[in-house]
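Participant: Protein chains in written order, with our numbering: chain A, 290 to 923; chain B, 3 to 531; chain C, 11 to 561; chain D, 153 to 251.
Structure incoming, see below.
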Amino acid sequence: METLIGLLVAAPLLGAGVLLTGGRRLDRTGHLLGTLLSLLSFVFGAVLFVNMLGKDADQRALHSHLFTWVPVDGFQAQVGFQLDQLSMTFVLLITGVGTLIHVYSIGYMAHDERRRRFFGYLNLFLAAMLLLVLADNYFLLYAGWEGVGLASYLLIGFWQHKPSAATAAKKAFIVNRVGDIGLSVAIMLMFTTFGSFAFADVLPKAQDASATQHATVTGIGFMLLLAACGKSAQVPLQSWLGDAMEGPTPVSALIHAATMVTAGVYLITRSGAIFNAAPDAQTAVVTVGAVTLLFGAIVGCAKDDIKKALAGSTMSQIGYMIMAAGLGPIGYVFAIMHLVTHGFFKAGLFLGAGSVMHGMNDEVDMRRYGGLRKYMPITFITFGLGYLAIIGFPGLSGFFSKDKIIEAAYAKGGTEGWILGSAALLGAAITAFYMTRVMLMTFFGEKRWQPDAEGHEPHPHESPSSMTIPMIILAFGSVFAGALFSLNSRFVHWLEPVTGHSEGDSPVSAGTVTAATMVCLVIGVGIAWLMYGRRSVPAVAPRGSLLTRAARRDLLQDDFNHVVLVRGGEHLTRTLVYLDHSLVDGVVNGTAASVGGLSGRLRKLQNGYVRSYAVSMLGGTAVLVAATLLMRAV
Amino acid sequence: MSFPLLTVTAVVPAAGAVITAAVPAARKTAAKYTALLFSLATLVLAIVALVRFDPDGDRYQLTESHAWIKDFGLRYELGVDGIAVTLIALTALLIPFVMLAGWHDADPLEDTNRRWRPTQGFFALILLVEAMVVLSFEATDVFLFYIFFEAMLIPMYFLIGGFGDRAHAGGEEEAARQRSYAAVKFLLYNLAGGLIMLAAVIGLYTVTADQLGTGTFSLQEILAARGAGKLDIATDTERWLFLGFFFAFAVKAPLWPLHTWLPNAMGESTAPVAVLITAVVDKVGTFAMLRFCLQLFPDASKWATPVILVLAVISIIYGALLAVGQRDIKRLIAYASVSHFGFIILGIFAMTSQGQSGATLYMVNHGISTAALMLVAGFLITRRGSRLIADFGGVQKVAPVLAGTFLIGGLATLSLPGLAPFVSEFLVLVGTFSRYPVLGIIATLGIVLAALYVLVLYQRTMTGPVKAGIEGMADLKARELLVVAPLIALLLFLGVYPKPITDIVNPSVHHTLSDVHKTDPKPALEAKK
Amino acid sequence: MSASLTGTAVHSLWTVAAPADKFPAPHIEYAQLSPVLIVFGIAALGVLVEAFVPRKNRYTAQVAVAAVGLAAAFAATVALAEKGYGTTKAHIAAMGAVAVDGPALFLQGTILLVGLVALFTFAERRLDPRAHGSRVDSFAAQGSAIPGSEQEQAAVRAGFTSTEVFPLLMFAIGGMLVFPAANDLLTLFVALEVFSLPLYILCALARRNRLMSQEAAVKYFLLGAFSSAFLLFGIALLYGYAGTVSYAGIASVVDGTAPMTPALADTTGNDALLLIGLAMVAMGLLFKVGAVPFHMWTPDVYQGAPTPVTGFMASATKVAAFGALLRLLYVVLPGMRWDWRPVMWGVAIVTMLAGAVIAVTQTDVKRLLAYSSIAHAGFILAGVIATTPSGISSVLFYLAAYSFVTLGAFAVVTLVRDAGGEATHLSRWAGLGRRSPLVAAVFAVFLLAFAGIPLTSGFAGKFAVFKAASEGGAMPLVIVGVISSAIAAFFYIRVIVLMFFSEPRPDGPTVAVPSALTSTAIALGVAVTLVLGLAPQYFLDLADKAGVFVR
Amino acid sequence: MNPANYLYLSALLFTIGAAGVLIRRNAIVVFMCVELMLNACNLAFVTFSRLHGNLDGQVIAFFTMVVAAAEVVVGLAIIVSIFRSRHSASVDDANLMKL
């Protein structure tokens, strides 16, 4: 069984290797090979899952040590895997959704001559992501962490000939690097504190370490949070996610909705022990989560680009998860649960969006959609189900997972609990609003289609089955996953051994919370219908309120980055380049020059007149005599 | 006396140089193959040495010792520890690639006259440099080391000044001017450093002569004498001597603010020569810090550590920032190297086993990764006939393989996990952090900047719409692929499995650390107990 | 002193005035002086050859005679050294006039070899184009003829050549042989003049640029005479102080071991005589070695003199002069180390720096080399100051190493020519490496040796003297030394850049193909440079063995 | 009479000679000044020889004269030759080589 874990990672890795080095001869079959290997990896996962279910709760974790990576005295980095319930959940999500998206991409990328490479990158991503969730120590996790970063870089920038894409890719990688500082510093802190960075060594010790090394443990917590912010696009490192939509839609669905961006949640949940030991860090986490869930939601309301709108929503949904994870044992389970359900419906939504774009020759502006439900029914239905799921329509998966998080938020207790809970509720309302907006602008109302750049009139049509089937499957997931998990709280029992779970005492009963959520939902949908359902949508975006305009610009976050970081950085480097030339180099050249000048002046003494030479000799002698006498004198 | 493996390892390339130079003008290709052959022979010898080296054996192995110039206390003493033998292997490994990459760089444009034989000269000089570098890695006699450390400059100087790349904005005239400026700058910088060191070397002799009766430069003798308490350098003297040595090495390494020769030298010389500078020759500097500064003057080293560490961190950030600001591909890579050398020096003077093993590993990895990046950049530049980033764009569309390899080289340079440099960089950072947390964190910022300059470079040159002058660009040829592929393979292998090297290096690092009486700091928790 | 000298004291001196029968019959150890005697004999023979051998054979005769003489003298020197006169049997010969000891023999050997090589360059006749069918060397057809005059052209047409240069050379060498061996101040002075006067004349005899050549001669002569006047006055003062001019005598007076006579008690009562005398004698010698501030003749003379002569002067004169300086400081005035060392420190420092710095902006190869020779004089002084046995041997070694590099370098300069004779302006050397890589490479080797790059003799020598200096406690000198070496490196490198990295000019100079003579000289230079660079141990031992002065 | 005075005289002569070298332009005169310096030395030698009551000084004086004579020969030869080619004996005209 242990070896199977290795294969789990090896399969897609192999795929990546073959596809990327294989050359043209694989162009015909490459995508199939990629999909196959992804599927294979899913099968391995499934086998392991079944095998795991066979064992009883606390015996389920599997460990397999491959080899020692970096052995330097105290610093012993191992390459070893740990497959427990938490990792297993992710494995299934990643390989499952991953495979679906491979299938979807076969159709979606059919006309791209670099499709082979696309699948190579996808496989690379799967491998890295699996490494991330299977690693049994933070150092190896770090490798996976940066690996997914690379994959995301390559895939966002897949259409490199588009400068916007290339820029977005670069931005994503660099912002992520900022987060990575957090992770590496955290690892260093662990090494200097615990003398190791393996889960098995660090997590158990975290609690009593905080007794003596409280500051350090808190520090580790904050650093991990920083890492999470980078990867999961949380405030203040969220700016890259919107631009990341430059990538092909399947990528957005897989990496920037379902899996990679949730790595932060995984990291925090995995490091639960540390956060439990560092309350301050937890507070920071929930704050970030709460802020982001509102931030993302607001941004989502203003975007006319369907993918950007969805990106905003992703941000906000992950905000929910982070917040939940920050709540500690009360929330870990629900964070993961929402993560999984979100994986289903958000992937579904993105694929839907992709299918729409596919039909509308890659138009992304929702103001140029409208009334598409008749033309692409399957897309409409699957997208619709996803929509209902995300706004938390009773009975669908989103309803269960999000509801739990809101409850947990209140259960945190105290004013903190109230604030978080209300924030979550408000978020729910806004979610309902912008999702409805998307729904209405895309599928309802009158046609607002426009010819594209080349002047082709769009002929909306349903996408090929290779694309619709995954959408349908995901739709099923988004409908039933929630119920499936929540039924006599299966999911809680499943994860409890790893994350631990505590109910907490909610000041408000579950019933009231649900009711409140419903109210918010109705309000949100209602407003949206009033604005976009009743009135017709202008093909050109109105100027809109100040907030709207700010939201369109990601609440000016990019402008801030541009002015402070980019411009500032440019100025800094330009100054340094100048200084390096004029100052550092100048000193050296200056010395040389001054020697030259001195030489030039001394030359003049050699004026060619014998008599002046004689003078110098006489003077020299005089000095010599004087000096000699002086020496004797002193 | 056993087979003098080390001597032979150095003599083979030297002989190769002579023979290559002797090949008649008309037989250019013959000369090239001769040179390549000898470099490969050297590689074999180096590998033999690597295999024969026993990590758990004596500190210095394969030793040879003969009197040379009695009056100067100069002995021909060779010996390698784990660090040296690894670096020799690196050198021997890189040279063939350098040659292959520079296969046509030195072909005379037109047959000017029969006596002027640039091609022969180019390859002969490369072999000569190799011989001297290898010897300076092997020398365990301070003076012997100094001799080759200095002599190495001359062939390097001719390589830089004589064979700049033909791609230059300012035209042939300007190119020649810039080139000789760079060459002179390189030589004078390093000569100045060397001469300062000479004073220190003489000082060392005087000290040993005073205290041991006979002046000596032999590392073993000096260490032994100090161990036996026979030799005890006065604090001030030791500090002065240390500074004398360190200055020379800091110039060679190069350490901020003594770095300004590097961008010129690397910018003006052909890519293979640039690789020779940064990947091979400069390593002698950092290596010498590890072998001579720390071992000869442990107390002074500890005394100077704070300043040096700060300078190293400055180098890291400063080099990276300047790399971001460059308009010229090669200068960009040069500044990136400045940043990397900062890491190496940081690791050495952090005085932890992680730091120093990391630093050694870093020397190797940086050698390979820079070689990969720089050589591909060289192919790119020769194709376009320009070094300016602005002249490129959309290369990946016309030459995907070239772009791919370039990206991998870049990713190695920004030390992505899975590629070799990551391991060493992280080791250095951890090693530093465990003793100097603040510096460690500041240095960590370097990884963001690295990402910045690499990806910006890639974006500007490779992505976007295809620029004018790029349309017809050919993808990598077989020879070029033969250069790049092995390097990349090596990067991947060492990224995933650096153990073979760390196993050889670790014991030597322990020796060095015990010289400076330093032990790794204990983890906080254990310390508490 | 004046007050104390009463009339009676003077009268008493009258009475003890040495009567004639006190003159002992002079006793000369001919065998031990053979090198000197041979050279002078040959020189005289050369004069006879000039007088009686028909003009067309003179050249051959002169060269042959001189070569044989020098070889013989060298053989004699070696034989003496073998016999142990350099070490165990070292002693004072010729009535205390000349010392036969290690340093003397070592330097004489060096001078003789240098002289031999210089002879080759003197005798070179293939560089200049044939003048009216007869091969010509680098010396004026007729020294006395006015440049560009009818008379001169006639002389050229007649194929005259001033073969007098060979006897002159021999006289100079003879003087140089005595100079470092001189064991009393009178011999010192005479020897100085004996080798200086021929050099003055040789300077004036260039075939090309005769005006410059004559100017060089005048400058050299006037300044030389001026300096020797100082030297002489210094000698007078020392004589006044010690009542004797023999080194041993003065030394014993200085350290008070000499038997006290009232007159001596009188003069020694006042150190001014001694100190001023010392300073002036030192000045005379420093002038010859070209130390700042007595260096100013060097660039002009080096530039103006015929290049072979320059080469000879630059190497042999330095050897002889430093030999004499060493002997003076180590034999006569060891007791006064604390007086002259600081002063010499100053001179050494100034010399090293000034030489290196001024050279940076030179544009003429010969002037460049002149300044570099000044800088090198500074380095050697650093060794002289050490006042340790290793100091002596290091200086001896440095001189040997340096003189051959210099000879070689100037020999190369004679090869690079254009219509106006040698093309000594640096700009003309651009791209020489492209046109004739071999010559350029050889010159590069010499330059690197000057710069003191390891594996060349220059480095070995530099290391030796610096080591000696630092052992003698003169670390600051070493620091200054390395700094000025760094500066010096700059202009040596500049020449290399010029030769190799700049495009050759279309109207650039041609490189003449020399005869076997110059080729040998250059080859020898390179050989010595490399041998002393790679395996100097044997010669260092030699210098060590020779490093003891007899007193 | 006090021999010291002779020394003062010789010193004086020497200084005059040196001054002449520095001041006079005509090469011949300059040279004569050098001769003057040499003779100043002779005076000193003789005086000292008298002081010390040995003959070395006087002998040296003869040597000096010989040397001086030799210098005259060489010196005049050179000066004359340059005079003939330049039609000037001024040392300041001999100024081709400088810097």
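Just so it is clear, CB atoms sit at the ideal spot from N, CA and C, and this is done for glycine as well.
Our contact map puts Phe476/C next to Ala392/C with C-beta atoms below 8 Å; I'd like the distance itself, whole angstroms only.
Facilitator: Right, the Cβ-Cβ distance comes to about 7 Å (below 8 Å), so this counts as a contact.
Participant: Since Pro360/A is in the beta strand (DSSP E), which residue starts that stretch and which ends it?
Facilitator: Its beta strand (DSSP E) spans residues 351 to 361.
Participant: Opposite Ala141/B in the DSSP bridges: which residues?
Facilitator: Leu80/B, per the DSSP bridge assignment.
Participant: Within 10 angstroms of its Cβ, does Trp355/C collect 16 or more other Cβ (buried), or is it exposed?
Facilitator: It counts as buried.
Participant: Output, in sequence order along the chain, the residues in the stretch 881 to 908 of chain A whose CB is closer than 8 Å to any CB in chain D.
Facilitator: So the list reads Arg892, Lys893, Gln895, Asn896, Gly897, Tyr898, Val899, Arg900, Ala903, Val904, Leu907, given in the order they occur along the chain.
Participant: How about Asn247/D: is its C-beta nearer than 8 Å to some C-beta of chain A?
Facilitator: Cβ-Cβ to chain A under 8 Å: yes for Asn247/D.
Participant: Would you say Gly557/C and Pro399/C are within 8 Å of each other, going by their C-beta atoms?
Facilitator: Yes. Within cutoff.
Participant: Can you name, in chain order, every residue of its own chain whose Cβ lies under 7 Å from the Cβ of Leu137/B, other than the five neighbours on each side?
Facilitator: So the qualifying residues of the chain are Ala12, Phe150.
Participant: Applying a beta-carbon distance threshold of less than 8 Å, which residues of chain C neighbour Ala153/B?
Facilitator: Ile463, Pro464, Leu465, listed in chain order.
Participant: Kindly list, in the order they appear in chain F, the residues whose Cβ is closer than 8 Å to that of Ser44/C.
Facilitator: Any reference to chain F falls outside this structure, whose protein chains are A, B, C and D.
Participant: When you compare only the Cα positions, how much space is there between Tyr821/A and Arg349/A?
Facilitator: Cα-Cα distance, rounded: 51 Å.
Participant: One question on the structure: do Gly166/B and Ser271/B come within less than 8 Å of each other, judged by their Cβ atoms?
Facilitator: Contact: yes.
Participant: Return helix, strand or coil for Thr18/C, following the three-state DSSP convention.
Facilitator: For Thr18/C, the predicted structure reports a pLDDT of 43, less than 50, and the residue's modelled location is therefore unreliable. A value from the coordinates is still provided. Residue state, collapsed to three classes: helix.
Participant: What residues in the stretch 390 to 401 of chain B bring their beta carbon closer than 7 Å to a beta carbon of chain A?
Facilitator: For the stretch 390 to 401 of chain B, which is checked against every Cβ of chain A, the residues closer than 7 Å are Gly396, Gln398, Lys399.
Participant: If we define contact as Cβ-Cβ less than 8 Å, is Met323/C a contact residue for chain A?
Facilitator: No - not a single Cβ of chain A is within 8 Å of the one on Met323/C.
Participant: Among the candidates Pro786/A, Gly813/A, Val899/A, whose CA atom is the shortest distance from the CA of Asp347/A?
Facilitator: Measuring from the Cα of Asp347/A, the nearest candidate turns out to be Pro786/A.
Participant: Taking one C-beta from the stretch 391 to 406 of chain A and one from the stretch 512 to 525 of chain A each time, how about it: are there three or more such pairs within less than 8 Å?
Facilitator: As far as the Cβ criterion goes, the stretch 391 to 406 of chain A does not touch the stretch 512 to 525 of chain A, which means the pair count is below three.
Participant: Put Val108/C into one of helix, strand or coil per three-state DSSP.
Facilitator: Val108/C falls in the strand class under three-state DSSP.
Participant: Chain A beta carbons: is any one of them nearer than 8 Å to that of Val518/B?
Facilitator: False, the Cβ-Cβ gap to chain A never drops below 8 Å.
Participant: Do Val46/B and Thr93/B have their C-beta atoms within less than 8 Å of each other?
Facilitator: Going by C-beta atoms, Val46/B is not nearer than 8 Å to Thr93/B.
Participant: Which first and last residues belong to the alpha helix (DSSP H) in which His513/B is found?
Facilitator: Counting along the chain, the alpha helix (DSSP H) containing His513/B begins and ends at 501 to 517.
Participant: On the criterion of 16 or more Cβ atoms from any shown chain inside 10 Å, does Asp107/B qualify as buried, or is it exposed?
Facilitator: Its Cβ being crowded by 16 or more others within 10 Å, Asp107/B is buried.
Participant: Shorter than 7 Å, the distance from the beta carbon of Gly253/C to the closest heavy atom of the ligand GTP, or not?
Facilitator: For the structure depicted, the ligand GTP is absent and the ligand set is empty, with no information on it obtainable.
Participant: How far does the beta strand (DSSP E) with Arg427/C in it reach, from first residue to last?
Facilitator: Run containing Arg427/C: 426 to 428, per the beta strand (DSSP E) assignment.
Participant: Rounded to whole angstroms, what is the Cα-Cα separation between Thr528/C and Gly418/C?
Facilitator: Rounded to the nearest angstrom, the two C-alpha atoms are 9 Å apart.
Participant: Using the Cα positions of Phe511/A and Gly468/A, report the straight-line distance between them to the nearest angstrom.
Facilitator: Rounded to the nearest angstrom, the two C-alpha atoms are 11 Å apart.
Participant: Give a yes or no on whether 8 Å exceeds the smallest Cβ distance from Leu251/D to chain A.
Facilitator: Yes, because at least one Cβ of chain A sits closer than 8 Å to the Cβ of Leu251/D.
Participant: Using a 10 Å radius around the Cβ and a threshold of 16 neighbouring Cβ atoms, would you call Glu489/A buried or exposed?
Facilitator: The sequence given here places Ala at residue 489/A; Glu does not occur at that position. By the neighbour-count rule (16 or more Cβ atoms within 10 Å), Ala489/A is not buried but exposed.
Participant: Roughly how many whole angstroms lie between the Cα atoms of Cys185/D and Ala222/D?
Facilitator: Answer to the nearest angstrom: the Cα atoms are 16 Å apart.
Participant: Could you work out which residues of chain B lie near Gln449/A, taking near to mean beta carbons separated by less than 9 Å?
Facilitator: Near Gln449/A (Cβ distances below 9 Å), the residues of chain B are Gly396, Gln398, Lys399, Ala405, Gln461, Met464, Thr465, Gly466.
Participant: CA-CA distance, Gly620/A and Gly766/A?
Facilitator: Going from the Cα of Gly620/A to the Cα of Gly766/A covers about 22 Å.
Participant: I need the boundaries of the alpha helix (DSSP H) containing Trp818/A, first residue and last residue.
Facilitator: Per DSSP, Trp818/A belongs to no alpha helix (DSSP H) and is neither H nor E.
Participant: Cβ atoms of Ala498/C and Ala301/C: under 8 Å apart, would you say?
Facilitator: No.
Participant: Once the 5 residues before and after Lys250/D are set aside, which same chain residues still bring their CB inside 8 Å of it?
Facilitator: Cβ neighbours of Lys250/D beyond the five flanking positions: none.
Participant: Starting from Thr65/B, follow the beta strand (DSSP E) in both directions and report where the run begins and ends.
Facilitator: Counting along the chain, the beta strand (DSSP E) containing Thr65/B begins and ends at 63 to 71.
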